[in-house]
Amino acid sequence: MSAATQDTAVRTGRITRTFIYVVLIFFALFYLLPFFIMMINSLKPLSEITAGNMMALPKEPTLAPWGAAWSTAQIGVEATGLKPYFLNSILMVVPAVAISTVLGALNGYILTKWRFRGDTVLFGLMLFSCFIPFQIVLIPMARILGMLGLAGSVQGLILVHVVYGIGFATLYFRNYYAAFPTELVKSAMIDGAGFFRIFWRIMLPVSGPIAVVCIIWQFTNIWNDFLFGVSFGGLNAQPVTVALNNLVQSSTGVKEYNVHFAAAILAALPTLLVYIVAGRYFVRGLMAGSVKG
Amino acid sequence: MSFLNIDNVTKSYGNVEVLHRVDIDVQEGEFLVLVGPSGCGKSTLLNMIAGLENITGGTISINNRVVNDVHPSKRNIAMVFQSYALYPNMTVGQNMTFGMEMHGIPKPERERKLADVAKLLQITPLLDRKPGQLSGGQRQRVAMGRALVRDPDVFLFDEPLSNLDAKLRVDMRTEIKKLHQKLGTTIVYVTHDQIEALTLSTRIAVMNKGYVQQLGTPKEIYDDPANMFVASFMGSPSMNLLPARLVEDNGQLAAELTDAGGTGLRLRLSQDGQGLRSHLGKDVILGVRPEAITDAEGADKRAQNLQILRNEVSVTEPAGSDTFVTMSLSGKDCVARMRADAEARPHEVFEFTVNMDKAVLFDPQTEERIDR
Numbered sequence: 003m004s005a006a007t008q009d010t011a012v013r014t015g016r017i018t019r020t021f022i023y024v025v026l027i028f029f030a031l032f033y034l035l036p037f038f039i040m041m042i043n044s045l046k047p048l049s050e051i052t053a054g055n056m057m058a059l060p061k062e063p064t065l066a067p068w069g070a071a072w073s074t075a076q077i078g079v080e081a082t083g084l085k086p087y088f089l090n091s092i093l094m095v096v097p098a099v100a101i102s103t104v105l106g107a108l109n110g111y112i113l114t115k116w117r118f119r120g121d122t123v124l125f126g127l128m129l130f131s132c133f134i135p136f137q138i139v140l141i142p143m144a145r146i147l148g149m150l151g152l153a154g155s156v157q158g159l160i161l162v163h164v165v166y167g168i169g170f171a172t173l174y175f176r177n178y179y180a181a182f183p184t185e186l187v188k189s190a191m192i193d194g195a196g197f198f199r200i201f202w203r204i205m206l207p208v209s210g211p212i213a214v215v216c217i218i219w220q221f222t223n224i225w226n227d228f229l230f231g232v233s234f235g236g237l238n239a240q241p242v243t244v245a246l247n248n249l250v251q252s253s254t255g256v257k258e259y260n261v262h263f264a265a266a267i268l269a270a271l272p273t274l275l276v277y278i279v280a281g282r283y284f285v286r287g288l289m290a291g292s293v294k295g
Numbered sequence: 129m130s131f132l133n134i135d136n137v138t139k140s141y142g143n144v145e146v147l148h149r150v151d152i153d154v155q156e157g158e159f160l161v162l163v164g165p166s167g168c169g170k171s172t173l174l175n176m177i178a179g180l181e182n183i184t185g186g187t188i189s190i191n192n193r194v195v196n197d198v199h200p201s202k203r204n205i206a207m208v209f210q211s212y213a214l215y216p217n218m219t220v221g222q223n224m225t226f227g228m229e230m231h232g233i234p235k236p237e238r239e240r241k242l243a244d245v246a247k248l249l250q251i252t253p254l255l256d257r258k259p260g261q262l263s264g265g266q267r268q269r270v271a272m273g274r275a276l277v278r279d280p281d282v283f284l285f286d287e288p289l290s291n292l293d294a295k296l297r298v299d300m301r302t303e304i305k306k307l308h309q310k311l312g313t314t315i316v317y318v319t320h321d322q323i324e325a326l327t328l329s330t331r332i333a334v335m336n337k338g339y340v341q342q343l344g345t346p347k348e349i350y351d352d353p354a355n356m357f358v359a360s361f362m363g364s365p366s367m368n369l370l371p372a373r374l375v376e377d378n379g380q381l382a383a384e385l386t387d388a389g390g391t392g393l394r395l396r397l398s399q400d401g402q403g404l405r406s407h408l409g410k411d412v413i414l415g416v417r418p419e420a421i422t423d424a425e426g427a428d429k430r431a432q433n434l435q436i437l438r439n440e441v442s443v444t445e446p447a448g449s450d451t452f453v454t455m456s457l458s459g460k461d462c463v464a465r466m467r468a469d470a471e472a473r474p475h476e477v478f479e480f481t482v483n484m485d486k487a488v489l490f491d492p493q494t495e496e497r498i499d500r
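Listed in order, the protein sequences are those of chains H and C. Counting in this note's numbering, the first sequence runs from 3 upward without gaps. Counting in this note's numbering, the second sequence runs from 129 upward without gaps.
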């Protein structure tokens with residue numbers, strides 16, 4: 003065993019390696035193909051698409067469809083483009099992600115460091131919320147939002163997503179904090195730090211990796227949600243997913259495929275960005291939890 | 129009244145009582161070591177002094193103040209944890225001043241105390257580093273520094289050396305002892321290592337199964353163990369506990385044993401008294417420390433009662449400074465600790481010298497020491 007290397011991968015021959023790469027590249031291209039089609043068609047004038055050349059590169063590239071999708075496309079009654087709905091989504095996602103992450107962190111902190119009788123049962127019950135299908139809660143949720151006077155508002159959607167997000171956020175943070183040495187909390191108690199001070203000064207500063215995991219997860223889920231948006235968004239608080247649907251499903255007028263493609267990419271852009279910016283922490287965070295936990 | 133007073137303290141989890149009526153008084157400046165095997169309740173007791181565990185019954189008072197319902201941060205104690213429990217996101221300096229910051233001590237005073245303690249522990253160059261960049265020994269020092277800056281009434285140490293390698297552990301042990309001699313602080317120290325207990329303490333509480341088995345100075349614990357548990361737990365190699373019969377030999381008490389060949393032999397006792405005589409003719413356990421069994425040259429010159437014992441050697445283990453010689457007595461292995469040059473050889477008969485001044489007797493039923 004003289005040729006000991008740090009490489010943990012299985013050693014393979016050249017032919018096998020080439021084969022693996024060919025397969026990987028093939029699949030990568032296969033999965034990128036739809037995006038490629040969307041991209042090239044969003045840059046074509048409509049006439050080029052209706053002429054039947056879906057696969058061809060644009061002959062006269064134009065950004066007009068993007069502009070239309072963003073600000074002038076007919077969605078619902080008015081020709082506003084995706085812009086107001088995009089704003090709705092952001093106004094909904096940012097607070098919902100922030101609140102559910104903070105609550106999840108607090109829950110995880112309490113469930114691991116301030117244990118009480120029945121805490122595991124409570125945690126088990128909270129996990130249920132990860133598995134309850136959205137459809138089941140639609141009607142009770144509509145009733146509650148109505149009672150609170152939050153129906154058809156962004157605040158209402160925030161509430162719905164926070165409630166749904168707490169389960170997963172708690173799961174993440176609880177498992178992360180379970181591996182966090184309790185002696186640190188005891189030490190901080192002797193040092194005179196209280197409940198929130200320990201959380202703020204001791205726990206949160208080391209929670210970076212799991213916070214990123216939680217934020218990516220919540221952001222993606224809430225941004226992509228359609229059912230709650232269409233059910234509780236009313237007319238004024240519809241998120242971008244619902245608007246995209248309304249745009250594409252519109253039964254009047256000419257179907258502007260180039261605008262549809264541009265709108266679809268626009269609607270998917272924020273989640274893509276979040277992955278690109280924070281993606282490497284995502285994998286790292288998941289690994290950290292699994293190795294230590 | 130003593131400085132730290134543990135009065136009739138019990139601890140239960142549900143219906144299970146894990147600590148039974150513990151009574152310990154600690155004087156100011158004392159170094160008390162709680163020692164015992166895993167699960168004996170020593171860490172639980174320490175956590176109760178710290179306020180990290182509730183007290184089920186009895187009272188604990190520090191400096192004439194009952195602290196049963198006082199929050200850990202208000203008991204004026206400092207604790208050094210087994211894992212050191214340094215805050216990973218703070219520098220060494222921040223770690224050490226965190227407690228003072230929480231107690232609202234103004235910054236100039238914090239800085240002054242930090243500088244003093246850092247100098248005392250020789251960690252001044254480390255103050256800006258994070259705990260992750262420190263070696264085990266350095267972390268240990270920082271953890272102690274964090275306790276020292278608080279200037280508490282009582283220091284609590286929870287197995288602080290068990291995460292260090294053997295050599296560093298010995299160094300740090302000496303250092304803790306020096307620190308105690310220099311500062312004269314009151315320390316309660318938990319360990320499962322009996323050597324640490326004997327070397328560091330001014331008094332030891334040996335614990336087992338939630339009971340304090342014996343409370344005394346290291347010498348009392350070592351020379352006069354209260355029962356067979358203390359006798360076998362303290363000391364390495366542990367005390368030889370040999371089944372024997374208490375007989376009278378020319379008016380003096382003696383323990384009757386059998387040698388490797390099964391022949392009876394008698395070792396005359398140094399002690400005599402009513403308590404011992406009530407066991408006359410009965411089975412007893414004779415406890416002899418390995419270092420009380422030597423060759424003739426290695427025997428203690430000041431001993432009053434040296435007894436000669438001829439027996440076959442079964443194993444010899446040279447260990448550098450000592451040679452451990454094992455023989456069979458009353459069907460049990462009996463270890464003798466001899467000087468390195470002792471001429472015992474396996475399977476040969478050797479003339480052992482037993483210092484019976486150091487021998488103790490136990491009742492085999494109760495496992496308690498038989499008093500004179």
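Ideal Cβ positions, reconstructed from N, Cα and C, are used throughout, including at glycine.
Residues of the segment 174-202 of chain H that bring their beta carbon within less than 8 Å of a beta carbon in chain C comprise Pro183, Glu185, Leu186, Lys188, Ser189, Ala190, Met191, Ile192, Asp193, Gly194, Ala195 and Arg199, in sequence order. C:Leu385 and C:His407 do not touch by the CB rule: their CB atoms are close to 15 Å apart, not below 8 Å. Residue range Asn368 to Asp377 is occupied by the beta strand (DSSP E) that includes C:Pro371. By alpha-carbon distance to H:Ile42, the top candidate from H:Leu275, H:Ala264, H:Pro272 and H:Val276 is H:Ala264. Under the 8 Å criterion on CB atoms, C:Tyr215 is classed as interfacial with respect to chain H. Excluding sequence positions up to five before and after C:Pro200, its CB lies within less than 8 Å of the CB of Ala178, Gly179 and Leu180, all in the same chain and listed in chain order. In the three-state DSSP reduction, H:Pro36 falls in the helix class (H, G or I). Chain C places no beta carbon closer than 8 Å to that of H:Pro211, leaving this residue out of the contacts. DSSP places C:Ser171 within a helical segment (H, G or I) once states are collapsed to three.
Within chain C, no C-beta atom comes nearer than 8 Å to that of H:Ile112; the closest sits roughly 17 Å away. With a contact defined as Cβ atoms closer than 8 Å, H:Tyr23 and H:Gln240 miss out at about 45 Å. Inclusion of C:Pro446 and C:Pro365 in the CB contact set at 8 Å is not warranted, their separation being larger than that value. Contacts between H:Pro207 and chain C, judged by CB atoms closer than 7 Å, involve Asn217 in chain order.
Selection H:Gly236, H:Thr243, H:Leu48 and H:Thr184 evaluated against H:Ala153 yields H:Gly236 as nearest (Cα-Cα). Inclusion of H:Val156 and H:Met94 in the CB contact set at 8 Å is warranted, their separation being smaller than that value.
Around the C-beta of C:Ser329, 16 or more other C-beta atoms lie within 10 Å, and the residue is accordingly described as buried. Judged by their CB atoms, H:Pro47 and H:Thr74 are not nearer to each other than the 8 Å cut-off.
By DSSP's assignment, C:Gly392 forms a beta bridge with C:Thr386. Restricting attention to C:Lys202, C:Val198, C:Gln309 and C:Ile251, the CA atom closest to the CA of C:Asn223 is found in C:Ile251.
DSSP, read as helix, strand or coil, puts H:Tyr259 in helix. For the segment 338-349 of chain C, the beta-carbon criterion of a distance under 7 Å to any beta-carbon of chain H is satisfied by none of its residues.
Per DSSP, the beta-bridge partners of C:Lys139 are C:Leu147.
A Cβ-Cβ contact shorter than 8 Å links C:Ala472 with C:Val453. Comparing alpha-carbon positions, the option among H:Arg119, H:Thr52 and H:Pro60 lying closest to H:Glu258 turns out to be H:Thr52. Under the DSSP assignment, H:Phe182 falls outside any alpha helix (DSSP H); it carries neither an H nor an E label. Put simply, the segment 222-231 of chain H touches the segment 136-149 of chain H. At least three CB pairs are less than 8 Å apart. Assignment of alpha helix (DSSP H) within the segment 40-75 of chain H, counting only whole runs of 4 or more residues, yields 48-52 and 66-69 in chain order.
Residue nearest to C:Val270 within the set C:Leu214, C:Met300 and C:Lys235 is C:Leu214 (criterion: CA-CA distance). Note on C:Asn368: 16 or more other CB atoms within 10 angstroms of its CB, so buried under the neighbour-count rule. For C:Arg497, the CB contacts under 7 Å within the same chain, skipping 5 residues up- and downstream, are Pro353, Ala354, Asn355, Val488 and Phe490 in chain order.
Separation of H:Arg19 and H:Val25 (C-alpha to C-alpha, rounded to the nearest whole angstrom) is 10 Å. In the three-state reduction of the DSSP assignment, C:Ser442 falls in the strand class, which pools E and B. Listed as beta-bridge partners of C:Gln342 by DSSP are C:Val334. Between the alpha carbons of C:Asp321 and H:Thr172 lies a gap of roughly 40 Å. Non-local beta-carbon contacts of C:Lys305 in its own chain, meaning distances under 6 Å to residues more than five positions away in sequence, involve Leu328 in chain order. Here H:Ala239 carries a coil assignment [DSSP, helix/strand/coil].
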